[in-house]
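Participant: Pasting a structure here, questions to come.
The following block contains the structure:
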């Protein structure tokens, strides 16, 4: 079945541009969607980074007057929201989108249009959250009778208008009585929209992994990154509905006058903490597991050894996810939960160290005795493992309840979660960026600049976050915009600020390296790293159709076994025909035998996504006629797009949900 | 049905043998269970928090809600009949049972609108009366929204079937998906009716 099927004529003709801005707006290609995720997330990484630098300037000296208290609150809240929901989650979604179909030998994900939909919904949610800068409303929230809009317009400032209740939106502080103005409404509804995007991705990725694997790609032959994608998708699937309900309750409290979390009218603020952390703790594994998958790909390649204990690494990842749903209350040891609950959650938290330790030891044993090449991706992967160990160990100290009471709300906690989320997640993301850059561009990033980036970032990172441990233990509290000179926190805080700017410098080196290498980088060829997994058996940059012929998988590390055999002592020996194999793959991959029919682009994902922020704007202003009109308009757009989506002509009778079958035979 | 798809596109295969859309629906519904799990837990925690204002369990009309629950349960039966009719190629039967399912769902929704109106206007229990009433309306309101979406999907299938004089093989799969969703919404109602209405009224 080649592209001979006549396309049905209809008013809902599908768009078909291949280049230019419309090709990106209407794309359903998983690779392009991955790139869109990556670049947009990086923009928010810069924003979140600027927010962090503003915080650090404020804290660089005692009694500094650089930011007001309100601005400081808004900056640390928005920094957290941005880095979690607008950088790490989408950038890892970008990696998953780009790599998942390539790694399982598929032509696209299970639902290409839904994939585009989740990107556009994510972008809509991100822009909506930040749009509070322009659409802040001092009259909101409007839920509580006689209490509405008591925010003095004079208190508003450009930065101070951003969400300011902490990324966890603790109640009742972020409720209608203590957080007037619309900032929290934008935060809560923005998260709701972002959650929809993640939920759609999760359903899509799970279906793709279960159903779209190439012949012979058994579950335990999948690359670890694919496994971690699946684990993360399940975490999203089971944790997002909980935060959705909790956020609905916040929105109802603020906009419709209920009192779920408002103690003053009988609500229970502690319930918010339970619901939030029941989502929030799995969420931190959502952030770290993709990077664990990335380093599990990078370490074996540059150690020239298979991943030590593949099955153990996979099951440890699943184990972390499973246990991750049973530890949430360790965020609440200081919230007045019962001693029995404290003991139980302290114990369950310690058990997380077991699967995590399994992973760490397997990574170390992967490198042990290997022929290690210290390339940039390898440096970042080793940086990940070592920094994550530090963050993991300080995490175990929080599991010990009396110790945690001392650490709660101090900089020690800030140090801990930056070691796991920056030293962990973000180092892993950079390892992946350097490693898979050739798949996007067909070029290699500059190793010289890459290594410079690594060392500047590594030094800057430790200078920023290591001193926070001792500042915290000396008693410096989080979320406070000033400290007195007598506290003697000044010198280390200045060091931390210098470290933060060092990190910023390293990011500038990365941006320069990326843009330079994209045009001028050394051509990579098909297999620049002597890689092990099948995404490297196709040419770089990846052809639009991925695989010219569907691959057939015979073992874990399929590509490695095409190039290497073992001698009598079990050492890897390069096959004499390996170079011919690579040359043949390069040729065959660029010259498909038949024309390959891909899913057509579609207008409807972006249209459908654009309705959601309108509904959210409307909810914030629902008492006004304009607000009601916005809700109606948003609903009409979304439902209309849904109908259009359903009636869009398919290029083949069975296209919906069967994107792959568009492939030529 | 899944087999036919696989045969007509022998080159591509679903690793599990389940069509993508159906697997996706199962995965989505597993998430929905937690959605309602959170809502129901929320009601169980807040159900008694009324502070001498009117509490949901005092205003329940159990015989009335039993009747509307029965209507919703019957709609699951008609949904199965619609699916069965299509599998034996009875397009007219499919149409009839689809319409019947949508109708029963609408009757249930009508009952909920009536119930809400009665609670709010006669019994004085509104969304904001107390945490208990808020939790009640949030839970049953979200369930009602799910039923309403189901009714819309059923009516769309009915409309397509009427216009084309029957459902194609792929649309038959859609009918199965709507059926999965519909049964899920019913099952959730059984839990809600038992925990929220019957047990708290005892």
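Chains as they are written, first to last, in our numbering: chain A, 1 to 665; chain B, 1001 to 1202. Glycine is no exception: its CB is placed at the ideal position from the N, C-alpha and C atoms. In this text, all values refer to a predicted model and were calculated from it rather than measured experimentally.
In whole angstroms, what is the alpha-carbon distance linking residue 449(A) and residue 512(A)?
Facilitator: Looking at the two C-alpha atoms, the distance is approximately 9 angstroms.
Participant: Can you say whether residue 446(A) is buried or exposed, counting buried as having 16 or more other CB atoms within 10 angstroms of its CB?
Facilitator: Residue 446(A) comes out buried.
Participant: Which residue or residues does DSSP assign as beta-bridge partners of residue 523(A)?
Facilitator: DSSP lists 443(A) as partners of residue 523(A).
Participant: Can you give the beta carbon distance from residue 173(A) to residue 182(A), rounded, assuming they're within the 8 angstroms contact cut?
Facilitator: At roughly 16 angstroms, the Cβ-Cβ gap does not stay under 8 angstroms, so residue 173(A) and residue 182(A) are not in contact.
Participant: State the start and end residues of the unbroken alpha helix (DSSP H) segment that holds residue 71(A).
Facilitator: Looking at the DSSP string, the run of the alpha helix (DSSP H) that includes residue 71(A) is 69-81.
Participant: Since I believe residue 551(A) is in contact with residue 537(A) (beta carbons under 8 angstroms), could you give me their beta-carbon distance rounded to a whole number of angstroms?
Facilitator: About 7 angstroms; that satisfies the 8 angstroms criterion.
Participant: List in chain order: all unbroken alpha helix (DSSP H) runs of 4+ residues lying wholly within the region 369-448 of chain A.
Facilitator: Listed in chain order, the complete alpha helix (DSSP H) runs (minimum 4 residues) inside the region 369-448 of chain A are 376-399, 401-407, 411-420, 427-441.
Participant: Could you check the C-alpha separation between residue 302(A) and residue 295(A) for me, to the nearest Å?
Facilitator: Approximately 11 angstroms, taken between the alpha carbons.
Participant: Use the C-beta contact count for residue 1092(B): other C-beta atoms within 10 angstroms, 16 or more gives buried, fewer gives exposed.
Facilitator: Exposed.
Participant: Excluding the five sequence neighbours on either side, which residues of its own chain have a C-beta within less than 7 angstroms of the C-beta of residue 557(A), listed in chain order?
Facilitator: Closer than 7 angstroms at the Cβ level, and outside the excluded window around residue 557(A), lie 306, 532, 533.
Participant: Could you tell me the boundaries of the beta strand (DSSP E) in which residue 170(A) lies?
Facilitator: Neither: residue 170(A) is in no beta strand (DSSP E) and is coded neither H nor E.
Participant: Return the residues of the region 93-110 of chain A that lie within a Cβ-Cβ distance of less than 8 angstroms from chain B, sorted by chain order.
Facilitator: Those residues of the region 93-110 of chain A that come within reach of chain B (Cβ to Cβ, closer than 8 angstroms) are 110.
Participant: Taking Cβ-Cβ distances shorter than 7 angstroms, what residues in chain A pair up with residue 1027(B)?
Facilitator: In chain order: 203, 206, 207, 237.
Participant: Looking at residue 484(A) and the ligand HEM, is the gap between the Cβ and the nearest heavy atom below 7 angstroms?
Facilitator: Looking for the ligand HEM in the displayed structure turns up nothing, as the structure carries no ligands at all.
Participant: Residue 1145(B) CB to nearest chain A CB: under 8 angstroms?
Facilitator: Chain A contact via Cβ: absent.
Participant: Any idea what DSSP makes of residue 215(A), helix, strand or coil?
Facilitator: Here residue 215(A) sits in strand by DSSP.
Participant: By the criterion of Cβ-Cβ separation under 9 angstroms, what are the contact partners of residue 240(A) in chain B?
Facilitator: Here the neighbours are 1031, 1034, 1035.
Participant: Give a yes or no on whether the minimum CB-CB distance between residue 324(A) and chain B is below 8 angstroms.
Facilitator: No, residue 324(A) does not count as interfacial toward chain B.
Participant: Counting only C-beta atoms, is residue 1003(B) closer than 8 angstroms to chain A at any point?
Facilitator: Since pLDDT at residue 1003(B) reaches only 35, below the 50 mark, its modelled position is unreliable, and no value is offered.
Participant: Could you tell me whether any Cβ in chain B is nearer than 8 angstroms to the Cβ of residue 259(A)?
Facilitator: Closer than 8 angstroms to some Cβ of chain B, the Cβ of residue 259(A) qualifies, so yes.
Participant: Does chain A have any CB closer than 8 angstroms to the CB of residue 1134(B)?
Facilitator: With 8 angstroms as the cut-off, residue 1134(B) counts as an interface residue toward chain A.
Participant: Helix or strand or just coil, what does DSSP make of residue 182(A)?
Facilitator: Correct three-state label for residue 182(A): coil.
Participant: Taking only the alpha-carbon atoms, compute the straight-line gap between residue 614(A) and residue 281(A) and give it to the nearest angstrom.
Facilitator: Approximately 30 angstroms between the Cα atoms of the pair.
Participant: From residue 91(A) to residue 42(A), what does the alpha carbon distance come to, in whole angstroms?
Facilitator: Near 7 angstroms, if we compare the C-alpha coordinates of residue 42(A) and residue 91(A).
Participant: What distance in whole Å lies between the Cβ atoms of residue 353(A) and residue 396(A), which are believed to be in contact at a cut-off of 8 angstroms?
Facilitator: Residue 396(A) to residue 353(A), Cβ: 5 angstroms. Contact.
Participant: Just to confirm before moving on: does the CB-CB distance between residue 115(A) and residue 203(A) stay below 8 angstroms?
Facilitator: Contact flag unset, no.
Participant: Quick check: the Cα distance between residue 658(A) and residue 211(A), rounded to an integer number of angstroms?
Facilitator: Any reading at residue 658(A) is ruled out, since the residue's pLDDT is 40, under 50, leaving its predicted position unreliable.
Participant: Mapping the DSSP letters down to three states, classify residue 327(A) as helix, strand or coil.
Facilitator: Note: residue 327(A) maps to coil in three-state DSSP.
Participant: What is the DSSP secondary structure of residue 595(A), reduced to helix, strand or coil?
Facilitator: Coil.
Participant: Reducing DSSP to helix, strand and coil, say where residue 564(A) ends up.
Facilitator: It is a strand residue.
Participant: If residue 93(A) sits next to residue 37(A), beta carbons under 8 angstroms apart, how far is it from one beta carbon to the other, in whole angstroms?
Facilitator: At roughly 5 angstroms, the Cβ-Cβ gap stays under 8 angstroms, so residue 93(A) and residue 37(A) are in contact.
Participant: If the cut is a Cβ gap below 7 angstroms, which residues of chain B does residue 666(A) touch?
Facilitator: With chain A covering 1 to 665 only, the question about residue 666(A) has no answer from this structure.
Participant: Would you verify that the beta carbon of residue 1063(B) is, or is not, closer than 8 angstroms to some beta carbon of chain A?
Facilitator: Not an interface residue.
Participant: Under 8 angstroms, Cβ to Cβ, is there at least one residue of chain A near residue 1175(B)?
Facilitator: So, not an interface residue.
Participant: Which residue or residues does DSSP assign as beta-bridge partners of residue 574(A)?
Facilitator: Answer is 564(A), bridged to residue 574(A).
Participant: For residue 477(A), does the three-state DSSP call read helix, strand or coil?
Facilitator: In the structure shown, residue 477(A) sits in a strand (DSSP, three-state: E or B).
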